[in-house]
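The block underneath contains the structure these notes are about, expressed in structure tokens.
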Amino acid sequence: MLAFAFPLAAGEPYDPQVVLGRVVAKVLENNRRVPNYTCVETLTRRYFKPPATSLPRSCGVILESRGHTTPGLALTHVLTDRMRLDVAMTQRGEVFSWVGASRFEEGFIDRNAGLGPMSTGLFGSLLVLIFETDVKEFEFLGSQVVNGRSLMEYAFHVPWADSHYKVKAGKDWVYTAYSGKIRVDPETADLVGISENSAELPAATGECVSIVDLEFNLAKIGDGQFLMPKHALQHFVAPTGAEVESTTGFAGCREYRGESTVSFGDTPAPTDDRAAGAPVNPIALPPGTHFSFELTVPISADTAAAGDRFHGRLIEPMRDARQKVLAPKGTAVEGRVLRVESFPNPPAVLVGLHPEALEIRGTRVPVAAVPDWRQKTASRKRDRGRMAFDLPQPGEERSGTFRFPGEHAVVPRGFESDWTLVEPASHRHR
Amino acid sequence: MSTFSRLGVMVGVAAALPAQSLVSPELAGDRQRAFDAAAGASQLRCRIDPVRPALDYALRFRTGYSIEFPMSQFEGAGHSLTTFVRVTPEGQKPLFLENSGTLQEVPVTKIDGQVGGTFVVGEGNYDVEVLAQDDAHRVCHSQWRIQAKRLGNERELIPATPAGAVEELSVSRPRPPVSEARNGRITVMLHAASMLPRSSKLQDSDVSALSGSLFTLLQQLPGLAVRLVVFNLAQRKLLFRQDDFTQADMGKVIRAISELQLALVDYRTLQQAGSPADLLTGLIETELRDAKPLEALIVLGPRLFTRDNTAIPAVDKPVSAPPLFYLQFQPQSALYRGVSGPPAGGRGSCLSCGAARGGIMGEPRLSDPQYPMGGPLGITDTIEKLLTRLKGKTLPVRTPHELADGVRRIQTGVGGNALAEGTAAEPVPKFTTPPEGPESATSAPQSPRRPAATSADQSPVAGPLHLPDTDKLPRVEAVPDVDPVDLLMRLRDQVLEHAVRIPNHTCVETIERQRFEPVVGRSPKSCDNLLAARKKPTYPPRLRLDTSDRLRLDVAMAPDKEIYSWAGASRFEEVELDEWIPQGAIGTGPFASFLLATFESRTPRFVYEGDRAIDGRALMEYSFNVPKAQSQYRVKAGKEWVITGYTGNLLVDTKTGELIRLAIRTEELPSETSSCETDSSLEYGSVQLDGSDYLLPKITHQRFIGRDGAEDENIVTFSACRAYQAESTLTFGSGPGAGLAVGARPDSLDLSPGLSVTVDLGTPIDADRSAAGDQIDGRIAKPIVGARREILVPEGALVHGRLMRVETRHSTPPEFTVALRWEAIEVDGARVPLALRPERGAGSLAGIIPGRGLRQRGMTIELPRPGEGSYGVYHSRAGHWEPGFRTEWTTAKP
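Quick note, the sequences are listed as chains U and S, same order. Residues in the first sequence are numbered from 2 upward in steps of one, following the working numbering. Residues in the second sequence are numbered from 443 upward in steps of one, following the working numbering.
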């Protein structure tokens, strides 16, 4: 049930109340009719740090300062990272997986979002909150012309008691009040955009506020046109004054197909989409076996994202302890990029690689491997050199993290790395 | 303790008194009864002053007392004086020492007499009581508390006296051998000469320094057979030579060098061809060419000022020559910790102890030379020249602390293999930990050993911090099948688990702060030069301990930083630590931030540096570098903050994955910080809280290196860690009740400003143990009377307050200062806030005529430090303030 407050409606060519009613009806209908669908979500996060003179201070001061930026508060860009995911809207909310994986997993974001903040409501949940569950009243603000298009703007405010907007605070979730605006096209009654910002968040969240700006368009899914988020710009502001600007783009939206089912993590599932229908693996690769591969496709820090697939091939035959060849030289190696981080100062790129399978004589053989530091350690002992390395992040234990100079580095084709097979079961340390 | 006016003349009567001796256990009961009976005995007028512990060259803590008394009490002949000392090591039974003697006939006189006594203690805290009793059974009594604490490299050495032990002063008393095994041999060549260039015989201080140092070498290099060669270059004479020399033979050496008549030169010596340098060269060549290989050759002696211009003969150094060291004793022109007081006499004697009253008993200061520090122009030390030619190392020694530094370098140079295994010897630094379990909030921190120092910081800079020197740790073969990346990931996971749990806990953080000043005075220098000079092994010690103080705080982890309050306060402060503790260097981070910053967010790029060993424990060493752009390390620069990059170093136990040490060093800091660099070294261990292990530093050393050459060192320890309880909530702010203990009621007491308040201290304050932040109690000594003479607060009302500063100025004699404030008063069983300012009116200042309040020209005033306007500041030479200490205040606006 919505109530409307339109004190500024006089003189408008369209009746704000009528327009809003049409928009709400259209959004509800959209939400009702939209089929099960999935999109590829690409998330690019840029991290900014304040100068040292900006002490950690109350969120009120920080938020007030944002409106009056002074040189002392000028932020410095320190890092960019990127992720690419499949996202699906289900009855249980938004669920995620790596791109092309057969299986969506609840809790996937907690395990794979890396160290940056991430919102999981942009894809569709926000529409439900604003137009179905939370907002009790809209206030018409006026009309404005954006890119030659006349839009009407309405404000909303959701107190904490009515809110279903959740924010992660440590291991728990907390509800927060929020407010914002919607922009609608009075001619078509289409929702064009939403600007929303949370109330000041509890300290346990590690953030002062989350601010999001969403743009919508109509996208073809199956046989119909549906209201879809096209682009989102989100800011997370920390009590330290640090900010993260997160840009989310959605592409490749499609209806679920027969071969692309959504399952959840309660039941065992293969690690890869194609593995679901693969024959039982007849090739045993014993843990402890060493192998080296080279990339066959370069990875560019400017375009690659965590979640992308990488491709390589063995540069030496993989042999067991008795020197029996398990996989010949040139065997295809496939895996997932787990991390793409770009640092402007000092300029460097960190890329995490997670080998997943070998294509041995036409058979896809899943593998779990960790970088093999033994050779480097041994050589370091020989020549008293130093062995520098980057630690995989928690949850990335079965991956290798590699550093390359330059903010826009390209991991070249032919890049070689050494690995050791490990048990594919649970995480080693966790 | 009785006091009396000092007269201008004093005589020492100690020579008539025998030594301070330990009382056998069977007589302990009698001595105990003597102390018990003292309360009812008639009083002997005297003044007893403590002599606080300080190291001597045998690396023992000497301590004692001096007694001053009017000799008129003993007019006539046949009087005697006996002194009993009861020393109670913390947590142990008391031990008794005594001396007694007959006084020579005393004529009618107004002069004062003086006696003293010296004994030795191991590291620890002790209660000392001294009872002087004359032949008429009149007594004089005093008591105090002392703390013996090793600093810097002193901690890396085997204690000469076990912790908590009380011993008589005796260099020659042999210790039981720690090991019968002999893994190699060394030669010690002792040059029996005086620090005074033209002295006719060795001074007591010379004998003490040389024999004590020899004792130390024997003690610290166990497992090695020692050949001792004693010689004198001026006389071109070999005085003593013995293989398998042990501590049991010390008496022979002391006799030999004490009897040496430097002014007598045998005519035959003059007839001999050759120079002193020839003698020295011959002695050294003999040792280097010995068929049995040497682990080291150590020359020990005072810096030479003889004008020996003969060329140093050529010496063929064997290819496999051992490391050579020259412990070169140099007179000092500045006082160091523990260097004051009289020359040490015989066993337990104390001649002319007046200079040591209330001071620090330590090794006698090496005699001031007639020449400047660098020696007269054109004169060089023959031994140093020869040792330099042989690529030996000259290790200057001006204080016992520097001797400890030198011995550590020798230990490192001799190498771990030669030193006995399974003995108390430690070829490499050994980590020990303070006793487990919570400590009381007023207990002084223990003194665990320092971590190993890095080669970059081997400098013998005075003061306790010698930064982590993993290069000094022996490199060992890697433990097979341990992946250094895997090991560090395990540690990272452990730290992340810790990060989840630590915010639920708080600990008491005790910070011991020491301020070191340049001996030659402050002068701005470029950090490049200063830091480079500090890293040179030959960098001369140029700092002296100036002041020290102690803070006790509660610390907890907020989401983004460490937060603090005074210990036991109900609220954590909202402002930065440096804003409410503005004086002195202070840093945050040891509780959790340093460790979490290393692992919690984007980890830096680590470098596996190799495998190390400490005490047989295999370790992996890592380093990392956090550039400024990615750093969150903030340093105060005036009122602003700057971010600095830093480097770090980790030592991880290869088998268990436990973190052993984290060291953090900032980049060179910008000039506006007034500092060149800050170094932190955190030694970790698991602490059990609620059945879970937490990673907490057992001890942290933070060193702040100033641009003007001054340095600060903070030693941080944690104790009494506990989970938040229901009644102990974590709150912030300065609202009602801030600063009061939990349970305070925010009721108010209507006391108009300007009323006189007299408070008698109830809680004893001891500069050796108390800390700023400790809570204290007192009682209203006189009723607080209103303007109409009505009694507002009755006599005896309980007041509560807090120590705000506990500081020691290490002058001669030392000065102790406390600043305190009263915060609350109990009225009708309720604790209400109390605002007082110290009475600075009539009579409270020197120079004001008592009772009239008239100010005089030339009167002494002490301006309160910024922020201390409402604190009472009190000074003492004794370092303790007993219950009943009276302080005058006036009420102030809250």
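Idealized CB from N, CA, C, for every residue including glycine.
In this structure, residue 1098 (chain S) lies away from residue 1060 (chain S), with their beta-carbon atoms at least 7 Å apart.
One thing to note: residue 740 (chain S) has its Cβ within 7 Å of the Cβ of residue 767 (chain S). Residue pairing by DSSP puts residue 43 (chain U) in a beta bridge opposite U:85, U:250.
Taking 8 Å as the upper bound on Cβ-Cβ separation, chain U lies near residues 1018 of the region 1009-1022 of chain S. When DSSP states are grouped into helix, strand and coil, residue 609 (chain S) belongs to the strand group.
The C-alpha of residue 1227 (chain S) lies about 48 Å from the C-alpha of residue 578 (chain S). Counting every other CB atom within 10 Å of its CB across the protein chains shown gives residue 1270 (chain S) a total below 16, marking it as exposed. At least one C-beta of chain U is nearer than 7 Å to the C-beta of residue 1048 (chain S).
Counting only runs of 3+ residues, the beta strand (DSSP E) found wholly inside the region 555-612 of chain S occupies 566-576, 581-590, in chain order. According to the DSSP secondary-structure assignment, residue 1208 (chain S) is paired through a beta bridge with S:1322. Here DSSP, grouped into helix, strand and coil, assigns residue 106 (chain U) to strand. At a cut-off of 7 Å between beta-carbon atoms, residue 190 (chain U) makes no contact with chain S. In the three-state reduction of the DSSP assignment, residue 686 (chain S) falls in the coil class. Secondary structure at residue 465 (chain S): coil, using DSSP grouped into helix, strand and coil. Listed by position along chain S, the residues whose Cβ is nearer than 9 Å to that of residue 83 (chain U) form an empty set, because the closest Cβ is around 15 Å away.
Against residue 398 (chain U), the close residues of chain S are 931, in the order they occur along the chain (beta-carbon pairs closer than 7 Å).
Counting only Cβ-Cβ distances below 7 Å, residue 328 (chain U) has no contacts in chain S at all, with the closest Cβ about 23 Å away. Where residue 541 (chain S) is concerned, the enclosing beta strand (DSSP E) starts and stops at 537-544. In the three-state reduction of the DSSP assignment, residue 60 (chain U) falls in the helix class, which pools H, G and I. Taken in chain order, the members of the region 934-949 of chain S whose beta-carbon sits within less than 7 Å of a beta-carbon on chain U are 934, 935, 938. As DSSP reads the structure, residue 1122 (chain S) sits in a beta bridge with S:1106, S:1144. Taken through DSSP and simplified to helix, strand or coil, residue 156 (chain U) comes out as strand. By the Cβ criterion, the region 160-178 of chain U is not in contact with the region 27-36 of chain U, since fewer than three pairs of Cβ atoms, one from each stretch, lie closer than 8 Å. Against chain U, a Cβ distance below 7 Å from residue 1024 (chain S) picks out nothing, because the smallest value is about 16 Å. At least one CB atom of chain U sits nearer than 7 Å to the CB of residue 1071 (chain S). DSSP places residue 698 (chain S) inside the alpha helix (DSSP H), whose first and last residues are 692-700. By the beta-carbon neighbour count (other beta carbons within 10 angstroms, threshold 16), residue 728 (chain S) is exposed. By the Cβ neighbour-count rule, residue 1019 (chain S) is buried, with 16 or more other Cβ atoms within 10 Å of its own. Three or more pairs of CB atoms, one per stretch, sit closer than 8 Å, so the region 398-405 of chain U contacts the region 343-350 of chain U. Remark: C-beta atoms of residue 991 (chain S) and residue 955 (chain S) approach each other more closely than 7 Å.
Scanning its chain for C-beta atoms nearer than 8 Å, with the 5 sequence neighbours on each side dropped, one finds around residue 226 (chain U) the residues 219, 220, in chain order. Burial state of residue 424 (chain U) is exposed, judged by a 10 Å Cβ sphere holding fewer than 16 other Cβ atoms.
When the five nearest sequence neighbours on each side are left out, the beta carbons in the same chain lying within less than 6 Å of the beta carbon of residue 1279 (chain S) are those of 1312, 1332, 1334, in order along the chain. If the five residues before and after residue 1039 (chain S) are omitted, its C-beta is found closer than 7 Å to the C-beta atoms of 1074, all from its own chain and listed in chain order.
Residue state for residue 1265 (chain S) is assigned as strand, using DSSP reduced to three classes. At a cut-off of 7 Å between C-beta atoms, residue 339 (chain U) does not count as an interface residue with respect to chain S.
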